[in-house]
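Chemist:
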Amino acid sequence: MSRTTDSRRADEWLQHVGLCSVTLRHLSTHAVVDAARTAGLRRIEWGADAHAPPHDPGAVTNARELTEAAGLMVASYGSYWRAGVSPADEVLPIVRAAAALGAPRIRVWAGDVGTDRADDDTWNRVAAALREACRIARDHGVELALEFHPNTLTDSVDSTLELLDRVGDSTLRTYWQPRIDEEVAPAVEGLRRLLPHVAAVHVFSWWPGAERLRLHERTDLWAAVADALIVAKEPRDLLLEFVPGDNPALLPDEAATLRRLLGSG
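This is the structure:
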């Protein structure tokens, strides 16, 4: 299937283009919603650190109501709960906040050490914590997804697949984002391997290292990612993150670039 010839598939994906609110954590909840709407985005992943803390039900309700009033959808709840590290009793308030937010998914983290330092006890502890978190999330109709990130047990495709296998619960999936300094071909091949388990993609351009670029400055990467994604049976959320300078004025152009890469304008 070609993304350039199948406009229906592209249109399905466009419904899933959105924003991570942590990119604009310095703005109010209302300003984040307005920025997303102005940029023509459809969804927002609300961060638990600034805009929708789990122990602030008023903020959670405000984020949901403002999102819905703008005709947008809540994509997910971006938590900072770290399996095997954060207290287990933090899971239930986070899950309840996600449910109140109307978020179908919660982003969680696979510990706080990379696989080069992780021993068997670390793997077992993280997997056990995730299994219990999955049970609680499932009881509330919410799924979990792992942040694909350095210095965690999801610092590579292989380790992410291993952790998902160890947890063994379909409630748990993963995010994907480009690994720092990874070339295009291995990055896209890794995405293809993870794709059956990918719930969402964090979209940003860093190169080299953590230097923030505009999306069009890595068109080679994101065009190849779009080609890999567009043939998937299930559209995933594509969430813009880390725009240069956390500047909301850049969002319309970044969103337009992403839409163009998906084959629609």
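First residue of the sequence shown: 868, per the numbering used here; consecutive thereafter.
Think of the CB as a built atom: it goes at the ideal place given N, C-alpha and C, for glycine as much as any other residue.
Check whether the segment 1016-1034 and the segment 1079-1094 touch, using three or more Cβ-Cβ pairs below 8 Å as the test.
Modeler: With the cut-off at 8 Å, the segment 1016-1034 and the segment 1079-1094 do not touch.
Chemist: Taking C-beta to C-beta, are V1034 and R998 nearer than 8 Å?
Modeler: Indexing the sequence shown from 1 puts residue 1034 at position 167. Indexing the sequence shown from 1 puts residue 998 at position 131. Yes, they are a contact pair.
Chemist: CA-CA distance, G1008 and D916?
Modeler: Stepping through the sequence shown from its first residue, residue 1008 is reached at position 141. Stepping through the sequence shown from its first residue, residue 916 is reached at position 49. Computed Cα separation, rounded: 22 Å.
Chemist: Hey, how far is the Cα of D1120 from the Cα of A903?
Modeler: Along the sequence shown, one-based indexing puts residue 1120 at 253. Along the sequence shown, one-based indexing puts residue 903 at 36. Their backbone Cα atoms lie some 12 Å apart in a straight line.
Chemist: Counting Cβ pairs, one atom from each stretch, are 3 or more of them under 8 Å apart for the segment 1105-1125 and the segment 885-900?
Modeler: Yes, since at least three Cβ pairs between the segment 1105-1125 and the segment 885-900 fall closer than 8 Å, the two stretches touch.
Chemist: Between V1098 and W990, what straight-line distance do the alpha-carbon atoms span, to the nearest angstrom?
Modeler: Here residue 1098 refers to the residue found at position 231 of the sequence shown. Here residue 990 refers to the residue found at position 123 of the sequence shown. If I take the Cα positions, the gap works out to 33 Å.
Chemist: Hey, how far is the Cα of D983 from the Cα of L1020?
Modeler: Residue 983 sits at position 116 when you count from the first residue of the sequence shown. Residue 1020 sits at position 153 when you count from the first residue of the sequence shown. One C-alpha to the other measures close to 9 Å.
Chemist: Out of D1022, T934, L908, which one is the CA nearest neighbour of S895?
Modeler: As a first step, residue 895 is located in the sequence shown; it is residue number 28 there, counting from the start. With distances taken between Cα atoms, S895 lies closest to T934.
Chemist: Nearest chain B C-beta to T1038 closer than 8 Å, yes or no?
Modeler: Checking the listed chains, one finds no chain B in this structure; it contains a single protein chain.
Chemist: Measure the CB-CB distance between I1003 and V1055 and report whether it falls below 8 Å.
Modeler: Residue numbering aside, residue 1003 sits at position 136 when the sequence shown is read from its first letter. Residue numbering aside, residue 1055 sits at position 188 when the sequence shown is read from its first letter. No.
Chemist: Since I believe W1073 is in contact with L1080 (beta carbons under 8 Å), could you give me their beta-carbon distance rounded to a whole number of angstroms?
Modeler: Translated into the one-based positions of the sequence shown, residue 1080 becomes position 213. Translated into the one-based positions of the sequence shown, residue 1073 becomes position 206. Right, the Cβ-Cβ distance comes to about 7 Å (below 8 Å), so this counts as a contact.
Chemist: Tell me which residues share the same chain as L1107 and place their Cβ nearer than 6 Å to its Cβ, disregarding the 5 neighbours each side in the sequence.
Modeler: As a working mapping, residue 1107 is identified with position 240 in the sequence shown. Correct list, in chain order: L886, V1070, E1121.
Chemist: Below 8 Å on the Cβ atoms is my contact criterion, and I expect A1095 with V1051 to pass it. Report the Cβ-Cβ distance as a whole number of Å.
Modeler: By one-based count along the sequence shown, residue 1095 stands at place 228. By one-based count along the sequence shown, residue 1051 stands at place 184. Actually they are not in contact, since the Cβ atoms of A1095 and V1051 sit about 11 Å apart, beyond 8 Å.
Chemist: Determine, using beta carbons only, whether A1067 and D1104 come nearer to each other than 8 Å.
Modeler: Here the question's residue 1067 lines up with position 200 in the sequence shown. Here the question's residue 1104 lines up with position 237 in the sequence shown. Yes, the Cβ-Cβ distance between A1067 and D1104 is below 8 Å.
Chemist: Quick one: Cα of A877 to Cα of L1125, how far?
Modeler: The residue given as residue 877 occupies position 10 in the sequence shown. The residue given as residue 1125 occupies position 258 in the sequence shown. For A877 and L1125, the distance between alpha carbons rounds to 11 Å.
Chemist: Please list, in chain order, all residues of the same chain as R1059 whose beta carbon is under 7 Å from its beta carbon, the five residues on each side excluded.
Modeler: Within the sequence shown, the letter at position 192 stands for residue 1059. A1095, listed in sequence order.
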